[in-house]
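Following the working numbering, the numbering of the sequence shown begins with 23 at its first residue and continues without gaps. Note that beta-carbon positions come from the ideal geometry of N, C-alpha and C, so glycine has one too. Worksheet for the structure shown next.
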Amino acid sequence: MKSDIEYLTLLENDLREAGQRERWMKTAPPIRRRRSLGIGWGAVAASVTGLLVVAGLIGLLVTNGGLGSSADQKAAAASTTPVRSPLFGNAAGSSGAAGADVPVVGYLDPLQQPQSGDVSKIIRDGSMSIQLDKDGFSAGFAAVTRIAQSNGGFVLSSQIRGQRRGTLVLRIPAKRFDDAMLALRDVGVVQAQSISGRDVTAQYIDLTARLQNAIGQRTVLRNLMRQATTIRETITVQNRLSQVELQIEQIQGQLNFIQDQVAQATVHVELHEKDAAQVQTSAVENPSLGSAWDRSIQGFLNVVSAVVIGLGYLIPIAVLALGIWLVTVAVRRRRGAS
């Protein structure tokens, strides 16, 4: 009996204190009410700022680490994935074959070119610094030009600084590269020389395979185009066909560039007379406000994009944490009531 009376007394005190707190909350000023709850505008702003900063860091980490956007992976996969039409099912078994496709006029298909025994693709570059006799710059410049022409090449660009110093960029056929480098040594005193080669065989083979696959896809899509019976089917196949044809043009352009770099070597020749003073070029450039504005907009959009990506990772985690917290609070209240 005594314990029941004590329990009722405690319950009465708790109810009285709860009523007093409720009356005080209704009459207290808003600022004091927020402070009593432990909530202030500073705390809210700091929490939101911290959340955005963490989200931005996560977004930057994801995008720079290659874990976010997969556009490049999708583009690479598109070049090696067989065409599956949503209209006619899997087109891999269509009657069209890659070998039966008619090449576009003006394309140089590397797969149809005769292959020699050595299929390696090496891009060769050279550079040479030559010292000339006094008042011998004009003669040296003309000699370098003649060497390029006599070896089947040409002067791609040239620059003269003052009257005693200049540079030339030569394009020489790869098979005459060594002969041209030896001939350049006779122009004057060679002070520096370098020759480098870059093996692009693997890249060339990969591009060739991708081109073959894309041409096969184009053949299948053209067959599907002839089988289309509705406007919707025609538009769908035509859109995919346009993408594949653009891909073929891009790959063919890369192959043509590699073939040109392999066929023609690049030689940088620097000429200067003995005791010629180094010409100092002005490095002062006026800043461009338009370029600065464009870069600022790009930076702003990059930061916003990073924050949005980071929030995409944080929101599910926050929802899960909130659910765990609510369950924990409910369990504690139930234990306290019991």
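Whole-angstrom C-beta distance between residue j and residue i, which should lie under 8 Å
| i | j | result |
| --- | --- | --- |
| E292 | G158 | 15 Å between Cβ atoms; not a contact. |
| R240 | V259 | With a Cβ gap of about 11 Å, R240 and V259 do not count as contacting. |
| I169 | G210 | Contact doesn't hold; Cβ gap of about 12 Å is too wide. |
| H290 | S149 | 4 Å |
| D147 | S218 | 5 Å |
| L277 | T230 | 7 Å |
| R196 | V141 | The sequence given here places Ala at residue 196; Arg does not occur at that position. Not a contact, Cβ separation roughly 15 Å. |
Residue i versus residue j - alpha carbon distance
| i | j | result |
| --- | --- | --- |
| I280 | L333 | 43 Å |
| V325 | I80 | 11 Å |
| A77 | A314 | 26 Å |
| G321 | L233 | 36 Å |
| G87 | I194 | Reliability of the predicted coordinates at G87 is poor, the pLDDT of 49 falling under 50, and the value obtained from them is presented with this limitation in mind. Answer to the nearest angstrom: the Cα atoms are 41 Å apart. |
| L74 | A68 | 10 Å |
| W63 | V351 | 25 Å |
| Q272 | K143 | 19 Å |
| I145 | Q181 | 24 Å |
| V177 | L192 | 5 Å |
| A340 | A287 | 59 Å |
| R244 | W347 | 59 Å |
| R263 | G238 | Looking at the sequence provided, one finds Leu at residue 263 rather than Arg. Their backbone Cα atoms lie some 11 Å apart in a straight line. |
| V212 | S179 | 21 Å |
| D228 | R248 | 31 Å |
| A40 | E34 | 10 Å |
| I270 | V222 | 20 Å |
| T251 | V242 | 16 Å |
| S327 | V70 | 17 Å |
| A224 | Q274 | 16 Å |
Residue(s) in a DSSP beta bridge with residue i
| i | result |
| --- | --- |
| A287 | I194 |
| F176 | R193 |
| G188 | I182 and L293 |
Start-to-end residues for the beta strand (DSSP E) that takes in residue i
| i | result |
| --- | --- |
| R146 | I144 to L154 |
| V212 | V211 to D221 |
The alpha helix (DSSP H) enclosing residue i, as first and last residue numbers
| i | result |
| --- | --- |
| D200 | F199 to L206 |
Buried versus exposed call for residue i [16 or more other C-beta atoms within 10 Å across all chains shown]
| i | result |
| --- | --- |
| I337 | exposed |
| R207 | exposed |
| G72 | exposed |
| R43 | exposed |
| A343 | exposed |
| R356 | exposed |
| R186 | buried |
| G162 | buried |
| A236 | buried |
| V329 | buried |
| S91 | The predicted position of S91 is uncertain, since its pLDDT is 41 and thus under 50; a value taken from the coordinates is nonetheless stated next. S91 should be labelled exposed. |
| R317 | exposed |
| A202 | buried |
| N173 | buried |
| I319 | exposed |
| L190 | buried |
| A97 | With a pLDDT of 39 at A97, under the threshold of 50, the modelled position of that residue is not reliable, and no figure is offered here. |
| L246 | buried |
| Q215 | exposed |
| G345 | exposed |
| V349 | exposed |
| R358 | Here residue 358 is Gly; the residue named in the question, Arg, does not match the sequence. Flag for G358 reads exposed. |
CB contact check: residue i to chain C, cutoff 8 Å
| i | result |
| --- | --- |
| D147 | No chain C is present in this structure, which holds just one protein chain. |
Any non-hydrogen atom of the ligand HEM within 7 Å of residue i CB
| i | result |
| --- | --- |
| D157 | As presented, the structure is devoid of all ligands, the ligand HEM included, so that no description of it is given. |
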